[in-house]
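A quick write-up on the structure given underneath.
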Amino acid sequence: MNPKFQRIEHLFHEALNRSSEDRERFLLESESDPEILAATRRLLASDSDETLGDPVGERLVRVARAAPSRSIGPYRLLRELGTGGMGTVFLAERDVEGRAQQVALKLLRGFPTQASRKRMARERAMLAGLNHPNIARHIDGGESADGQPYLVMDYVESRPLPEFLSTQKPSVNERLKLYLRLCDAVRHAHQRLVLHRDIKPSNVIVRDDGTPVLIDFGVGTLLEEGEQPSHTITRAFTPGYSAPEQCRGESETTVTDVFGLGALLFDLLTDQRLSEHCKNEAPVPAPSRIAADPARRRLLRGDLDRIVAKATQPEPDHRYGTVAELIDDVQRHLQGLPISAAPDRMLYRLDKWVRRHRTAVAAGTLIAVAAGLAVWQLNAERQRALTAEKLSEHEAINAKASRDFLASVLAETSPEAVRGQPITISTLLANAAEKLEADRTQDPRTRAVAWLTIGEVYADINDPRPALDAAERADRSAVAAGGADRELEARILHARSAALIQLERAGEAREAMRRVIAIRQAQDAKPLVMARAYSDYGTAMLHGADFKNAERQQRHALQLLDASGESDAALRTEILLGLARSLYYQNDIDSAARELTRAETAGRELGARDGLLSYQLHRIAVLVRHAQHRYEDALSHAEQASRLAYRVYGMNSRLTADMELYLAMLLDDVGRSRAAVPHYQRSQEIARALELDDAIQARDDVRLAMAYANVSDHARTVALIDAALPRMPRQPAYMPWLIKAHYTRGVSLAALGRYAQGRADFDKALELSRGYQGEVFVGPAFVQLRHAQALIEAGRYEEAQAILPEAAPVERYRDLDPKALLALQSLRGAVALQRGDLPGAGQYLDRALAMAQKHYLAGTLPIAKAELAAAQAAAARGDTAQARALLERATPVLQQELTERAPELNELSKLERSLAGGYAGNAQQTLRR
40 MNPKFQRIEH LFHEALNRSS EDRERFLLES ESDPEILAAT RRLLASDSDE TLGDPVGERL
100 VRVARAAPSR SIGPYRLLRE LGTGGMGTVF LAERDVEGRA QQVALKLLRG FPTQASRKRM
160 ARERAMLAGL NHPNIARHID GGESADGQPY LVMDYVESRP LPEFLSTQKP SVNERLKLYL
220 RLCDAVRHAH QRLVLHRDIK PSNVIVRDDG TPVLIDFGVG TLLEEGEQPS HTITRAFTPG
280 YSAPEQCRGE SETTVTDVFG LGALLFDLLT DQRLSEHCKN EAPVPAPSRI AADPARRRLL
340 RGDLDRIVAK ATQPEPDHRY GTVAELIDDV QRHLQGLPIS AAPDRMLYRL DKWVRRHRTA
400 VAAGTLIAVA AGLAVWQLNA ERQRALTAEK LSEHEAINAK ASRDFLASVL AETSPEAVRG
460 QPITISTLLA NAAEKLEADR TQDPRTRAVA WLTIGEVYAD INDPRPALDA AERADRSAVA
520 AGGADRELEA RILHARSAAL IQLERAGEAR EAMRRVIAIR QAQDAKPLVM ARAYSDYGTA
580 MLHGADFKNA ERQQRHALQL LDASGESDAA LRTEILLGLA RSLYYQNDID SAARELTRAE
640 TAGRELGARD GLLSYQLHRI AVLVRHAQHR YEDALSHAEQ ASRLAYRVYG MNSRLTADME
700 LYLAMLLDDV GRSRAAVPHY QRSQEIARAL ELDDAIQARD DVRLAMAYAN VSDHARTVAL
760 IDAALPRMPR QPAYMPWLIK AHYTRGVSLA ALGRYAQGRA DFDKALELSR GYQGEVFVGP
820 AFVQLRHAQA LIEAGRYEEA QAILPEAAPV ERYRDLDPKA LLALQSLRGA VALQRGDLPG
880 AGQYLDRALA MAQKHYLAGT LPIAKAELAA AQAAAARGDT AQARALLERA TPVLQQELTE
940 RAPELNELSK LERSLAGGYA GNAQQTLRR
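Residue numbers (our numbering): 40 to 968.
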């Protein structure tokens, strides 16, 4: 390696281990050569997927981001898909015979020279010759009007390989089969004299059907300043994934891509980045030494270690000579055959032969071990019987201890004890905990069971903080007792998980339930017990927003319950409700409704019970019926669930707080925002009494603020969000609420005449939405929809008209969020009316009114607002009769629901005066003022 590059690589790895704030200071203190500094900065930018030091390219990217409708050649840019070291990728479209074709357009960094332009054209022709299902198809390329080079590829609905691996968690063999498809893609390219030169995980995407696709073929060669590969020392490869000859600036060959494939295989097998383990000139470590999971390490040890080692040999001559040879060894490993990278030894080949012929070998040895096996099995059965007997003893002892303790608690309800005073479950539990704390005469095990019983009851009534405290005290007492009772340990973990779920600490709850399942499996627990454990495990995943895995756990729990042969209607109902919720949150509403119906059928077997299951049935029915637009049914279920919560669990229960919140959200969503406000407030009062996390309370403050915004109480909206924003963590679970908080405050500031201040909120909301890959309903289009609303509130109609096209993508989600489309139609109508386009305004506003009448309850504020807007349009075109009819319906609702200083009331007053004075022709002038 030449000294200059050695210095560059040393600085790169040293800076990589420092914070982004400290890197620049470190570089300036450590190096004075400007070329070395520039090269190191480019490597750091490439590693973190930030833009490279290309001021013209960066300016063009900023322009493209700021104006998504910008055209490059025949392509219209729609939105940014991602940014990497070589350029920025946009979703674009072009017209092909009257149909819109969507493509991925990569705006490359740097300006090509005249010589490189010829080579770019030649290499694009080579790329166009790549026709393989695992290579993103090259469609077009050229230069923009500003001289910036670009490539156009197929747009593939997909996700990056690291994300696919972390979510799907494929087995080692599944990973190898995926890897073989990528290798075949590289082999196809080599047969057509095309090198990739930058094979790494971020250049692999995976389609929704699991098909891998290799991207960025040839991009590294398109911007060279000369004809020699050495001109791309700091641009055409990635540290940690580049072959040593690339680092040395030597010629690249097909075995350079073999090294890249070997590095990629390391990441695939270990779930770790090679760049974090292979610095400077260190050899690639064996995957089996790096993988975190012991079971995975055992699978990798041997042939897979050897394949990676041979593919990543420092000297090109010692690697696989072709990709085909690498493919052959991976396939032979999957088939259990000897591989070429292994030593040619008799024991190795014998081991492979035995593994391939397990059945024959097993049959040959079966007779020899049959007698010993019979003896072993008899002993195993004896041990299992002893274990089951011991487990039953523990269960019986624990159950009796719980019953005895509950009996002592219930004794507190005798007339002599209560002396005529009202008594509640919470009071009983608090008294019991106080006595237990004071009484130190019991042995540790008895105390553990008593604290556990208190924790379980607190969890059942959804009072999470004392439930968690009691469970932790039970755990400490169990440890003091010796900690050998696995049954007691499982119950404590179960109670702790329930409390953690109620406190929205889903990650900890999930880990607790994972440990419960491990204990139950070690106990060889009955299917019914395992069904309960897997159901609660799924509930913890559900609260952690891992909806697909939650569904899997609930389905597994249902299989176990069916296999148990026992009829447990309560558990079946609970599992089906969990399944319905997980499907609901995956937007599979039809399937969720089916599971809800099955849960209702199973629940009827329990008879009329005012308990948790009945509450959960109503609560989940609220979600599903609302999603089906059955608003009256949803409200009925919400009211029943709320009454149940107060009657059964009382004021100080998380269930009661949640149901007040659900009822408020539902009322808000069907147009009764003023009625929703007191329910939001009661939910918050209970949350404060229960001492729920402040972040949860801040999130619910945002919900209340949005209700105030709906009734045009903008001052309260701004005050609530001002207080809430600093208290919400910058975590994925809170990101939708951070985005909503910013754009809601922006709209309210505009309505208060402070648009200039609110503009910063829209910029922040847009920034957060572009970086958030979760909920689509807080994406950039939805933010721009609210921005356009704010501009209209501020009277800046031309600016609103300019960004409305950026809000247009909300139309794609009309089935899931029809109210966003309603808002879009209303805003288009307002702009058209202001511009004097009366026919267009009438069409937009009439559609908005029809949608409001469909998606909100009759006589509610959103319908009245739509009627007011339609009345303004009718008056502007001289149809005073229609305008008056619309106002007659809208006025009582507007006056009752809106705050006194609402802008809509001012608009109403202006229009009424105009119509009363007979100035139909002046209505449009009034609106323009």
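Don't be surprised by glycine CBs; every beta carbon is placed ideally from N, CA and C.
In the DSSP assignment, S110 forms a beta bridge with R115. Shown here, S574 sits in a helix according to DSSP, grouped into three states. Out of A748, E699 and G299, the CA that lies nearest to the CA of A726 is found in E699. The alpha carbon of E927 has as its nearest neighbour, out of P353, A955 and P942, the alpha carbon of A955. For E590, the secondary structure class from DSSP, reduced to helix, strand or coil, is helix. Taking 8 Å as the upper bound for CB-CB distance, A538 and A506 are in contact here, some 4 Å apart. Between A350 and G301, the C-beta gap is smaller than 8 Å, which places the two residues in contact. When secondary structure is reduced to three states using DSSP, K893 falls in the helix class. D707 is positioned such that its CB atom lies no closer than 8 Å to that of A696. Straight across, the Cα-Cα distance linking E951 with L907 is about 11 Å. Per DSSP, L144 is one residue of the beta strand (DSSP E) stretching across R138 to L147.
D179 has V191 as its beta-bridge partners, per DSSP. Contact between G299 and K239 is confirmed by a C-beta separation of about 7 Å, below the 8 Å threshold. A straight-line Cα-Cα distance of about 11 Å links L599 and R611. Under the DSSP assignment, D800 falls in the alpha helix (DSSP H) whose first and last residues are Y794 to G810. Proximity to K904 across H753, A54, S379 and G710 peaks at G710, based on C-alpha coordinates.
Between the beta-carbon of S183 and that of G112 there is about 7 Å, and that keeps the pair under the 8 Å contact cut. A922 is positioned such that its CB atom lies closer than 8 Å to that of A910. Across the structure, L365 and H227 are spaced so that their CA atoms are roughly 14 Å apart. T930 and Q828 have their C-alpha atoms roughly 22 Å apart. Under DSSP, R198 forms a beta bridge with V245. The residue from Q934, K145 and D885 with its alpha-carbon nearest to that of A913 is D885.
Counting C-beta pairs closer than 8 Å gives three or more between the stretch 572-580 and the stretch 591-598, which meets the contact rule.
Here D134 carries a strand assignment [DSSP, helix/strand/coil]. Secondary structure at G689: coil, using DSSP grouped into helix, strand and coil. When Cβ pairs closer than 8 Å are counted between the two stretches, the stretch 803-817 is seen not to touch the stretch 831-840, the count staying below three. The way I'd put it, the stretch 311-326 doesn't touch the stretch 203-215; fewer than three beta-carbon pairs between them come closer than 8 Å. Annotation: L376 is outside any beta strand (DSSP E) and is labelled neither H nor E by DSSP.
V252 sits in a strand when the DSSP states are folded into three classes.
A check of alpha carbon separations from N242 across V252, V741 and R176 identifies V252 as the nearest. When rounded, the separation of the alpha-carbon atoms in L130 and I628 is 29 Å. Unbroken alpha helix (DSSP H) runs of no fewer than 4 residues, entirely contained in the stretch 863-937, are found at 877-894, 900-915 and 919-936, following chain order. Per DSSP, the continuous alpha helix (DSSP H) segment holding T492 begins and ends at P483 to D499. Check the Cα spacing between L925 and each of I902, Q935 and L937: the tightest is with I902. Burial check for L855: the Cβ neighbour count within 10 Å stays below 16, so the residue is exposed. Close CB contacts of E202 within its chain, under the 6 Å cut and outside five residues either way in sequence, are absent.
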